[in-house]
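Below is one structure; the comments refer to it alone.
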Amino acid sequence: MASSSLAAVGSGLDIPTLVAQLVAAERKPAETRINNQGTKATTQLSALGNIKNSLSSLQSALEAMAKSATNGAYKTSISDTATSFSATVVTDSNGKTSATAGTYEVEVVRLAQSQKLSSGAFGADAKVGDGKLTFAWGEETLDVDIAEGSTLTQIAAAINKAAGGKGVNATIITANDGQHLVMNAVNGGTEGALTVTASGGNGGLSALTWDGTSGGMTENIAPANALVRVDGFERESSSNTITDLLPGVTLTLNKAEEGTKRTLTVAADNSGLKINTQAFVAAYNTTVGLLKSSSAYDATNDKASALTGDSLVRGLQQQLRGEASGSMLDLKALGVTVNKDGTLAFSTTTFDAKVAEDPSAARKLLGSDGSFTSSLSAMLKTNLGSNGTLTLRTNSLTKQISKLEKDLDDLDARMEKVSARYTAQFTAMDTVVAKMQSTSDYLSQQISALNKKS
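Convert by adding 105 to the 1-based position in the sequence shown; the result is the number in this note's numbering.
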């Protein structure tokens, strides 16, 4: 705020100090009012922000619980300490599974294996042959051109480059008698079995052929399909991982144990739902506690909280109590009870017993379309949405704070003008006083001079 640096000449007053004091006295009531309103609005905005965050956390916990209840979950267990196979439940990107509860007798008769062919021994620099090698597996074929003068190592490189990891891969094993070309079928079982024919060139590539029963190559490992029996029903597979034998369950075969049956049990797994229900109860209680503390009144110290007596907070408290009370009996059956202070308690023992007795109970109440979940979800969306009560109230307080900041700026500008007016007035007064003093001094001098003459 601008102020004059001139001291009064005629009156002897400290005009800058006097003006500052007058301006401060005039400014104080308005400034105090604006600051008090700003502090209150800021405190309320912060409290509402905390409540909004708490309700958002409650909403997330509710959604997680509902998803668990809707999708359901299953687990597998195998009798004894089976090493012959393992089983896992498969879920999609939304966490859903097609698995159903059941018990199965599983016998792993044979494992799937991929074919392996090997050539006779060649010297490292020996020129094997040239022309074309044609590989076939299933309904696929692959032609590999072999350049003139190619060694076994160069032939392996040509095969791998042409195949690109599909159907066949080739390696070199250097033994005591020389180098051997080893061809590995990429695909397991009989579907991946290779045949290799040679054409063109000098005929040297015939040493690398295989027609399925004989040829220049030796079959070190014959292709075989896995064979597993489930409840007596046989299933062959080119892979040791079978995804479509049982709904929603993947079997991984590890060891053949023909004649040994293991019991596979697929059962409902409610551990995830129980954990998510516990998390929901905790989030609910946190929100209830926050609403209470935000609106509490300390009678001992006569001190109010940020939102004491606020109708919005009271409304939220009533809505939460109403949601819990409306489903009180059903919630209690699942181990969720309402305490006198409005918080919830969760009994895992009651929960486990109820879902074991009636697996659909949790889904009907806590699932996405469940009576409790859908109602509470709608209530939270109403309050948290872009046109929800919390959002509208928050926006209103934000606008109020912005207006109060502008009011302070306007007050500063107005006080600048008041200061300038006071300064001008006191300066003008001081000028008049100075002139009067000068006139008085002149008259005194004249009177004194007349007295001396007489």
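Glycine included, every Cβ here is placed at the ideal spot set by N, Cα and C. Note that the coordinates shown come from a computational prediction; the quantities given were computed from them, not determined experimentally.
Anticipated Cβ contact below 8 Å, residue i with residue j, distance rounded
| i | j | result |
| --- | --- | --- |
| A169 | A373 | The pair is not a contact, with the Cβ atoms about 18 Å apart (cut-off 8 Å). |
| T208 | A192 | Contact doesn't hold; Cβ gap of about 12 Å is too wide. |
| D235 | G306 | 4 Å |
| G293 | S189 | Actually they do not touch by this definition, with Cβ atoms about 17 Å apart. |
| T448 | V393 | 5 Å |
Distance CB(residue i)-CB(residue j) smaller than 9 Å
| i | j | result |
| --- | --- | --- |
| A174 | A329 | no |
| L358 | L299 | no |
| V273 | A290 | yes |
| T348 | V195 | yes |
| L356 | T346 | yes |
| W242 | E324 | no |
| S105 | T496 | Here the chain has residues from 106 to 559 only, and residue 105 is not among them. |
| T455 | L470 | no |
| A450 | V371 | no |
| D415 | S399 | yes |
| L417 | L153 | yes |
| V301 | F227 | no |
Start-to-end residues for the beta strand (DSSP E) that takes in residue i
| i | result |
| --- | --- |
| V460 | Per DSSP, V460 belongs to no beta strand (DSSP E); it is in the alpha helix (DSSP H), 453-462. |
| K366 | Premise fails: K366 is in no beta strand (DSSP E) and is neither H nor E. |
| A303 | 300-304 |
| K237 | 234-242 |
| F338 | 338-342 |
| F227 | Neither: F227 is in no beta strand (DSSP E) and is coded neither H nor E. |
| K360 | Premise fails: K360 is in no beta strand (DSSP E) and is neither H nor E. |
| V194 | 190-194 |
| T348 | 346-351 |
Assigned secondary structure, residue i (DSSP; H/G/I helix, E/B strand, else coil)
| i | result |
| --- | --- |
| A206 | coil |
| Q218 | strand |
| M322 | coil |
| D248 | strand |
| D415 | coil |
| V443 | strand |
| T295 | helix |
| D282 | coil |
| A429 | helix |
| S549 | helix |
| K271 | coil |
| S524 | helix |
| N289 | strand |
| D512 | helix |
| A539 | helix |
| S507 | helix |
| T355 | strand |
| A113 | Model confidence at A113 stands at a pLDDT of 46, short of 50, so the residue's coordinates are unreliable; what they give is reported in the following sentence. Coil, per DSSP. |
| G254 | strand |
First through last residue of the alpha helix (DSSP H) which encompasses residue i
| i | result |
| --- | --- |
| L167 | 120-176 |
| N265 | 257-268 |
| F385 | 376-399 |
| D435 | 433-438 |
| T487 | 476-489 |
| A466 | 465-471 |
Contact with chain B by residue i, beta-carbon distance below 9 Å
| i | result |
| --- | --- |
| R468 | Given the protein chain composition of this structure (a single chain), no chain B is represented. |
Worksheet entry | the region 458-466 contacting the region 410-417, beta-carbon criterion three pairs below 8 Å | As far as the Cβ criterion goes, the region 458-466 does not touch the region 410-417, which means the pair count is below three.
Worksheet item: Is the region 280-289 touching the region 332-344 in the sense that three or more CB pairs, one from each, lie closer than 8 Å?
Response: no
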